[in-house]
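Residue numbers (the working numbering): 5 to 184. Even for Gly, the Cβ is constructed at its ideal location relative to N, Cα and C. Notes follow once the structure below has been shown.
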């Protein structure tokens, strides 16, 4: 019997906050799954609990400090290996175009739109990260993380220019007009 674990990440590109990688094995079919970026926040939130109730899953969060220290690729690779050691499956599929050299991992571009397990992983990763950013925004009100979740919006870059970097910012990232 083939048991597929779908893997996807959220938070690869933001200027602040963690990156979250999730792995999911679906036990029962779930209606409405798609790439998390193609779903409304409300739909992602409603699917989040359904996925957790009907799937085996593992979520790994990497801090901004770990990303600055180790680099994004190594952090993604370490997260995938962590998932593969915690979820037993016969095959592992990640959205994207690289396996990061990990034996036993396959990749497929747009898998988050075409493979339910990867769609579910996409949703778990995004909702987990977004909830964290909304919550932590209370501690960093000058940056409005609850609005942009740490991504490089014009308002976020302006806040960095005015207030400097917070403890949540990825200082290894080059930001045009700030530290480029």
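Roughly how many angstroms separate the alpha carbons of residue 82 and residue 67, rounded to a whole number?
Walking along the chain shown from the start, residue 82 turns up at place 78. Walking along the chain shown from the start, residue 67 turns up at place 63. For residue 82 and residue 67, the gap between their C-alpha atoms comes out near 13 Å.
Looking at the unbroken beta strand (DSSP E) that takes in residue 11, where does it start and where does it end? Taking the chain shown and counting its residues from 1, one reaches residue 11 at position 7. Here the beta strand (DSSP E) through residue 11 covers 8-14.
Candidates 111, 19, 124 and 6: closest to residue 34 by CA position
For the purposes of this step, residue 34 is taken as residue 30 along the chain shown, with counting starting at 1. The residue with the shortest Cα to Cα distance from residue 34 is 124.
- Would you kindly check if the distance between the Cβ of residue 21 and the Cβ of residue 11 is under 9 Å? Taking the first residue of the chain shown as 1, we reach residue 11 at position 7. Taking the first residue of the chain shown as 1, we reach residue 21 at position 17. Against a cut-off of 9 Å, the Cβ pair of residue 21 and residue 11 comes out as no contact.
Could you pull the DSSP bridge partners for residue 64 from this structure? Translated into the one-based positions of the chain shown, residue 64 becomes position 60. Residue 64 pairs with 25.
Item to check | Neighbour-count burial assignment, residue 18, 16 or more Cβ in a 10 Å radius | outcome: In the chain shown, residue 18 corresponds to position 14, counting from 1. Around the beta-carbon of residue 18, 16 or more other beta-carbon atoms lie within 10 Å, marking it buried.
| message | Looking at the secondary structure, which residues open and close the beta strand (DSSP E) in which residue 112 lies? | response | Translated into positions along the chain shown, residue 112 becomes position 108. Counting along the chain, the beta strand (DSSP E) containing residue 112 begins and ends at 109-112.
* For residue 3, I'd like the list of residues in its chain whose CB is within less than 6 Å of its CB, leaving aside the five on either flank, ordered along the chain. => The requested residue 3 is not part of the displayed model; the chain covers only 5 to 184.
Going residue by residue through the stretch 138-170, where are the continuous beta strand (DSSP E) segments of at least 3 residues, counting only ones entirely within it? none
Practice problem: Under the assumption that residue 165 contacts residue 154 (Cβ atoms under 8 Å), give the Cβ distance between them as a whole number of angstroms. | Solution: Here the question's residue 165 lines up with position 161 in the chain shown. Here the question's residue 154 lines up with position 150 in the chain shown. Between residue 154 and residue 165 the Cβ distance is about 16 Å, and since that is not below 8 Å, they are no contact.
- [ ] State the start and end residues of the unbroken beta strand (DSSP E) segment that holds residue 98.
- [x] Start at 1 with the first residue of the chain shown, and residue 98 comes out as number 94. It spans 95-99 - the beta strand (DSSP E) in which residue 98 sits, taken as one unbroken run.
Quick check: what's the CA-CA separation for residue 87 versus residue 132?
Along the chain shown, one-based indexing puts residue 87 at 83. Along the chain shown, one-based indexing puts residue 132 at 128. In a straight line, the C-alpha of residue 87 is about 15 Å away from that of residue 132.
* If you draw a straight line from the C-alpha of residue 108 to the C-alpha of residue 24, how long is it? -> As a first step, residue 108 must be located in the chain shown, where it is residue number 104. As a first step, residue 24 must be located in the chain shown, where it is residue number 20. One C-alpha to the other measures close to 21 Å.
*Under 9 Å, do residue 30 and residue 129 count as touching if we go by C-beta distance?*
If you number the chain shown from 1, residue 30 lands on position 26. If you number the chain shown from 1, residue 129 lands on position 125. Not closer than 9 Å, so no.
(Q) According to DSSP, simplified to helix, strand and coil, what is residue 91? (A) In the chain shown, residue 91 corresponds to position 87, counting from 1. DSSP places residue 91 in coil when its eight states are reduced to three.
query: Once you ignore the five residues that flank residue 97 on each side, which residues in its own chain have a CB closer than 8 Å to its CB?
result: Stepping through the chain shown from its first residue, residue 97 is reached at position 93. Excluding residues within five positions, the ones whose Cβ falls inside 8 Å are 8, 9, 10, 11, 109, 110, 111, 112, 115, 119, 121 and 122.
Suppose you measure from the CA of residue 174 to the CA of residue 93; what does that come to, to the nearest Å? Reading the chain shown from its first residue, position 170 is the one you call residue 174. Reading the chain shown from its first residue, position 89 is the one you call residue 93. Rounded to whole angstroms, residue 174 to residue 93 spans 33 Å at the Cα level.
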